[in-house]
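Colleague: Submitted below is the structure of interest, expressed as structure tokens.
2 protein chains.
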Amino acid sequence: MRDILPADKARRESLLAIIRERYRAHGFDEIETPAVEDYARLHAGIGGDNEKLSYNILRRGLDAEAIESIGRAIGQAADNMAQLSDLGLRYDLTVPLARFYASNRGQLPTVFRAIQIGPVWRAERPQKGRYRQFMQCDIDIMGDDSARAEAELMVASLDALAALGLDGATVRVNDRRVLDWMLDTFGFTADERPGVLITIDKLDKIGPDGIVAELRERGATASAVDAFDAYLRRPQTMEHRPYGEGQIRKALPENAPDEIVAHLVGIGEAVAAGTEAADIPLVFDPFLVRGMGYYTGTIFELAHPSVSYSLGGGGRYDGMIGRFLGQQIPAVGFSLGFERLADLLEPVADAGSRAIVLVHDADVPLAELIAHKSALMAHGRVRLERRAKNFKALLERSATDGYNAFATVSAGAEPGTLELKPLS
Amino acid sequence: MRDILPADKARRESLLAIIRERYRAHGFDEIETPAVEDYARLHAGIGGDNEKLSYNILRRGLDAEAIESIGRAIGQAADNMAQLSDLGLRYDLTVPLARFYASNRGQLPTVFRAIQIGPVWRAERPQKGRYRQFMQCDIDIMGDDSARAEAELMVASLDALAALGLDGATVRVNDRRVLDWMLDTFGFTADERPGVLITIDKLDKIGPDGIVAELRERGATASAVDAFDAYLRRPQTMEHRPYGEGQIRKALPENAPDEIVAHLVGIGEAVAAGTEAADIPLVFDPFLVRGMGYYTGTIFELAHPSVSYSLGGGGRYDGMIGRFLGQQIPAVGFSLGFERLADLLEPVADAGSRAIVLVHDADVPLAELIAHKSALMAHGRVRLERRAKNFKALLERSATDGYNAFATVSAGAEPGTLELKPLS
Chain A
1 MRDILPADKA RRESLLAIIR ERYRAHGFDE IETPAVEDYA RLHAGIGGDN
51 EKLSYNILRR GLDAEAIESI GRAIGQAADN MAQLSDLGLR YDLTVPLARF
101 YASNRGQLPT VFRAIQIGPV WRAERPQKGR YRQFMQCDID IMGDDSARAE
151 AELMVASLDA LAALGLDGAT VRVNDRRVLD WMLDTFGFTA DERPGVLITI
201 DKLDKIGPDG IVAELRERGA TASAVDAFDA YLRRPQTMEH RPYGEGQIRK
251 ALPENAPDEI VAHLVGIGEA VAAGTEAADI PLVFDPFLVR GMGYYTGTIF
301 ELAHPSVSYS LGGGGRYDGM IGRFLGQQIP AVGFSLGFER LADLLEPVAD
351 AGSRAIVLVH DADVPLAELI AHKSALMAHG RVRLERRAKN FKALLERSAT
401 DGYNAFATVS AGAEPGTLEL KPLS
Chain B
1 MRDILPADKA RRESLLAIIR ERYRAHGFDE IETPAVEDYA RLHAGIGGDN
51 EKLSYNILRR GLDAEAIESI GRAIGQAADN MAQLSDLGLR YDLTVPLARF
101 YASNRGQLPT VFRAIQIGPV WRAERPQKGR YRQFMQCDID IMGDDSARAE
151 AELMVASLDA LAALGLDGAT VRVNDRRVLD WMLDTFGFTA DERPGVLITI
201 DKLDKIGPDG IVAELRERGA TASAVDAFDA YLRRPQTMEH RPYGEGQIRK
251 ALPENAPDEI VAHLVGIGEA VAAGTEAADI PLVFDPFLVR GMGYYTGTIF
301 ELAHPSVSYS LGGGGRYDGM IGRFLGQQIP AVGFSLGFER LADLLEPVAD
351 AGSRAIVLVH DADVPLAELI AHKSALMAHG RVRLERRAKN FKALLERSAT
401 DGYNAFATVS AGAEPGTLEL KPLS
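Protein chains in written order, with the numbering used here: chain A, 1 to 424; chain B, 1 to 424.
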């Protein structure tokens, strides 16, 4: 975990303000859930690998005897930490959202478009650029099973990215049902499917040969691996544009299910209508997998030509809310990779806003000083600094802190008469 | 802990944006610390009663055997939870700030003015209006031992409150050193002091007679209680205005220390210079105590005529940073009672910003619909709603959600031609 210092915090808040404003413009409403959820909910099997990374909160009021006997009980009852821990820190915003929707459904519109911006925690091994507390920035639509939902998420996210200065992003799209159907078609068994998907997910890293070799090593059905191998080597596999029915059908084995293809085509038409891009900013990628087990339909990732990694992603998870509500509610979500964006983006120029350092002699009476500060605040934000021996260093450090003007004041000056000078 | 629904979240975010903007204008810079701090730091004895309310996070990777033996070890070594827990959730923003300052001092200006806005957690008993996760909203100045620091905090906070629509607030002021000196003067021993302060803190609730009775019951030095009793019954005790040396000296026993009185008077002059109030918006209250043990000098609370409770408060805690840094750094902080403000304040009118519900027939093709939405977004934020049987109810619910205009669309309409109607 890390401290966030002033310059970085200001930059992050300005990026979040832009994202929040754009998502609100597209009809999404921000909500907030507690950082802490029930232990049982966080370990219900829907959080995937993140469940193992969760920070568990110790029950209050345990004494030595209780702890000792819990230790004995856990020894007998496998690894049941729930006796020591009743709460935990959320590791994502999706599980809490499903709980939120189930808890508050009566007060929400039929189709609910949520914005969630907040920290999540994962007890990962420390490594460069990865933090154990980090911001997530999600939008989700609950209660709409049509392609409209995917299209609204994508149009809003592409718009937010453009507002952040990242024009020209594209969305890589696939559908879990497409993957399932493809693997069936090749002849993989249903039992083999999860393992095969994990392998396919490495395509970008290990290439088609690596995939086929790994599948053979895993001992997957040999004829299915052969069929997959042949399909991977088809020349048209890499034709990604333009997005539409023709390209989608060409990228897939023959006779892809009409309903799923129509859903994917519909998303493209709607995204085209909602963006000003000359081409539909989508790319169908039949090998996009996405890690989380809870996806049930469309899956997608945000790509930008300036970076090799994804800037966000999401998908449809129609089964999850039913786990909490006992009634199936379609849902689809998109998570912006805020930490990556914050690393990538230059400071947002705070154009036209003035930040003034008021440098004062040590003998300026306090009341005079505060009166000067108040008068200057008509022109911008004002920080007081006592004159230092090294005046130049003081000004340089103020410029680093984001200040762009300064004034000096000695005892006895009239408020409102100070001269503002630019700071570069 | 609680969920925050869209209307409430929008209101809270708009209040926070105002507070943040005002504090920044006064030269404060926002920082962020992790929600999680080391167990040892959170239990170092500076968090007062809040330490007992802290949520402790379970060490990762404990097995049954380890837990059992920890239980035995705790049994022998008093109540040492640190063996089970290495981290905890912060219960305030002050302890983390002191740690932040010690960790990052080289990158901060000599006088550092911090804004911190974020959640804290306390395992309190559930009761109406109290939450276990709540927002704190603090400003602090480190590195300035002059009255300038108190004055800047107060001027900025009164300004923020005025920007929120709460003009006419006042700050009740006292100084821990005044309290200590007074109790010495009456003849209480140093050992009696903490207990006497706890009793004095109840003055508003139990009145002077209750105070004296409780002190006698506690068995405090009888002559000291008599002296205090006589002082409490002096007629001039309740003269609170105008703030200044005359009133401060009249409110105290004779021969109050000049240095402390000058510090208090200086704050008043500076606050007068920094606000447009006709009278100095301060009230000297020699019986203001403030609970936290870490205060070392000025203490203050924000009061507003519309409410009987305090809307925030703070004080000087010159000793705390030295605990982490090994070098004394003067510090003074002010915490706005954000949850109370959020309960108190009416929704901030989002004047001039339009929010549009676009009601569409079920058969409008998806791409047409998204094109209409995009075109309408030139006028404001847009939410899509499928036409419901009860059209009136749909419009009413949209108005409740903050929408103030609507349009309807059928299949085949041209984007940009929809008529906007007001929603009331």
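Heads up, the beta-carbon is just placed ideally off N, CA and C, and yes, glycines get one too.
Which runs of the alpha helix (DSSP H) spanning at least 4 residues fall entirely within the region 107-176 of chain A, listed in chain order?
Modeller: You should have 147-163.
Colleague: So what does DSSP say about E13(B), is it helix, strand or coil?
Modeller: Correct three-state label for E13(B): helix.
Colleague: May I ask you to report which of helix, strand or coil DSSP gives F338(A)?
Modeller: Reduced to three states, the DSSP call for F338(A) is helix.
Colleague: I want to see whether chain A comes within less than 8 Å of A163(B), judged by CB atoms only; does it?
Modeller: By this cut-off, A163(B) is not an interface position.
Colleague: In angstroms with no decimal places, state the Cα-to-Cα distance between N50(B) and R122(B).
Modeller: Each residue's Cα considered, the two are about 7 Å apart.
Colleague: Could you tell me whether any Cβ in chain A is nearer than 8 Å to the Cβ of G71(B)?
Modeller: Judged by the 8 Å Cβ criterion, G71(B) is in contact with chain A.
Colleague: Note down, in chain order, every chain B residue with its Cβ under 7 Å from the Cβ of P281(A).
Modeller: Within chain B, no residue comes near P281(A); the closest Cβ sits about 13 Å away, beyond 7 Å.
Colleague: If we define contact as Cβ-Cβ less than 8 Å, is R387(B) a contact residue for chain A?
Modeller: Chain A contact via Cβ: absent.
Colleague: Which first and last residues belong to the alpha helix (DSSP H) in which W189(A) is found?
Modeller: It is Thr, not Trp, that sits at residue 189(A) in the sequence shown. No alpha helix (DSSP H) holds T189(A); DSSP gives it neither H nor E.
Colleague: Roughly how many angstroms lie between the CA atoms of T408(A) and W181(B), to the nearest whole one?
Modeller: Answer to the nearest angstrom: the Cα atoms are 40 Å apart.
Colleague: Between D285(B) and the rest of its own chain, which residues show a CB-CB distance below 6 Å, the 5 nearest in sequence each way excluded?
Modeller: For D285(B), where only same-chain residues beyond five positions count, the Cβ hits under 6 Å are R172, N174.
Colleague: Kindly indicate which three-state DSSP category G210(B) falls into: helix, strand or coil?
Modeller: In the structure shown, G210(B) sits in a helix (DSSP, three-state: H, G or I).
Colleague: At 7 Å on the CB atoms, spell out the chain A contacts of V409(B), in chain order.
Modeller: Near V409(B) there are no residues of chain A at all, since even the closest Cβ is about 13 Å away, more than 7 Å.
Colleague: Can you list, in chain order, the residues of the region 86-99 of chain A whose Cβ is nearer than 7 Å to any Cβ on chain B?
Modeller: Under the 7 Å Cβ criterion, the region 86-99 of chain A contributes no residue.
Colleague: So, under 8 Å CB-CB, R218(B) and G187(B) are touching, yes? Tell me the CB distance rounded to an integer number of Å.
Modeller: Wrong, their Cβ atoms sit about 15 Å apart, outside the cutoff.
Colleague: So, with DSSP's three-state summary, where would you put R2(A)?
Modeller: Note: R2(A) maps to coil in three-state DSSP.
Colleague: I need the DSSP call for K421(A), collapsed to helix, strand or coil.
Modeller: Of the three classes helix, strand and coil, the one that applies to K421(A) here is strand, per DSSP.
Colleague: Compare the C-alpha of L5(A) against each of F112(B), S353(B), H43(B) and name the closest.
Modeller: The option with the nearest alpha carbon to L5(A) is F112(B).
Colleague: Give a yes or no on whether the C-beta atoms belonging to A270(A) and R148(A) are separated by under 8 Å.
Modeller: Going by C-beta atoms, A270(A) is nearer than 8 Å to R148(A).
Colleague: Identify every residue that forms a DSSP beta bridge with E385(B).
Modeller: E385(B) pairs with V359(B).
Colleague: What's the call for A40(B), buried or exposed, on a 16-neighbour Cβ count within 10 Å?
Modeller: Label assigned to A40(B): exposed.
Colleague: Should R22(A) and A156(A) be called a contact, given that it needs their Cβ atoms to be closer than 8 Å?
Modeller: Yes, they are a contact pair.
Colleague: Mind checking which residues open and close the alpha helix (DSSP H) that includes S374(A)?
Modeller: Start and end: 366-376.
Colleague: Helix or strand or just coil, what does DSSP make of R90(A)?
Modeller: Reduced to three states, the DSSP call for R90(A) is coil.
Colleague: Rounded to the nearest angstrom, how far is the Cβ of E385(B) from that of S398(B), given a contact under 8 Å?
Modeller: Correct: roughly 7 Å between the Cβ atoms.
Colleague: Between S335(A) and G313(A), is the Cβ-Cβ spacing less than 8 Å?
Modeller: Yes, the Cβ-Cβ distance between S335(A) and G313(A) is below 8 Å.
Colleague: Identify the contact partners of Q133(B) in chain A, using a Cβ-Cβ distance below 7 Å as the criterion.
Modeller: Near Q133(B) (Cβ distances below 7 Å), the residues of chain A are P34, A35, V36.
Colleague: In whole angstroms, what separates the C-alpha of L93(B) from that of E37(B)?
Modeller: Rounded to the nearest angstrom, the two C-alpha atoms are 11 Å apart.
Colleague: Less than 8 Å between the CB atoms is what I'm expecting for G27(A) and V120(B), so what's the real figure, rounded?
Modeller: Not quite, the Cβ-Cβ distance comes to about 32 Å (not below 8 Å), so this is no contact.
Colleague: Out of D258(A), T298(A), P235(A), point me to the one whose CA is closest to P208(A)'s CA.
Modeller: Among D258(A), T298(A), P235(A), the Cα nearest to that of P208(A) belongs to P235(A).
Colleague: Going by alpha carbons, who is nearest to A342(A) out of F134(A), G168(A), L89(A)?
Modeller: Here the closest residue by C-alpha is F134(A).
Colleague: For the beta strand (DSSP E) that R316(A) lies in, which residues bound it at each end?
Modeller: Note, R316(A): beta strand (DSSP E), 312-316.
Colleague: First and last residue of the alpha helix (DSSP H) that includes F300(B)?
Modeller: No alpha helix (DSSP H) holds F300(B); the beta strand (DSSP E) holding it covers 298-303.
Colleague: What residue does the alpha helix (DSSP H) around T400(A) start on, and which one ends it?
Modeller: Taken as a continuous stretch (DSSP letters only), the alpha helix (DSSP H) holding T400(A) covers 391-400.
Colleague: Can you tell me whether Y309(A) is buried or exposed? The criterion is at least 16 other CB atoms within 10 Å of its CB, across all chains shown.
Modeller: Classification of Y309(A): exposed, given that the 10 Å Cβ count is below 16.
Colleague: If you drop the 5 nearest sequence neighbours on each side, which residues of the same chain put their C-beta closer than 7 Å to that of L203(A)?
Modeller: Counting only Cβ-Cβ distances below 7 Å, and skipping sequence neighbours, we find I211, F287.
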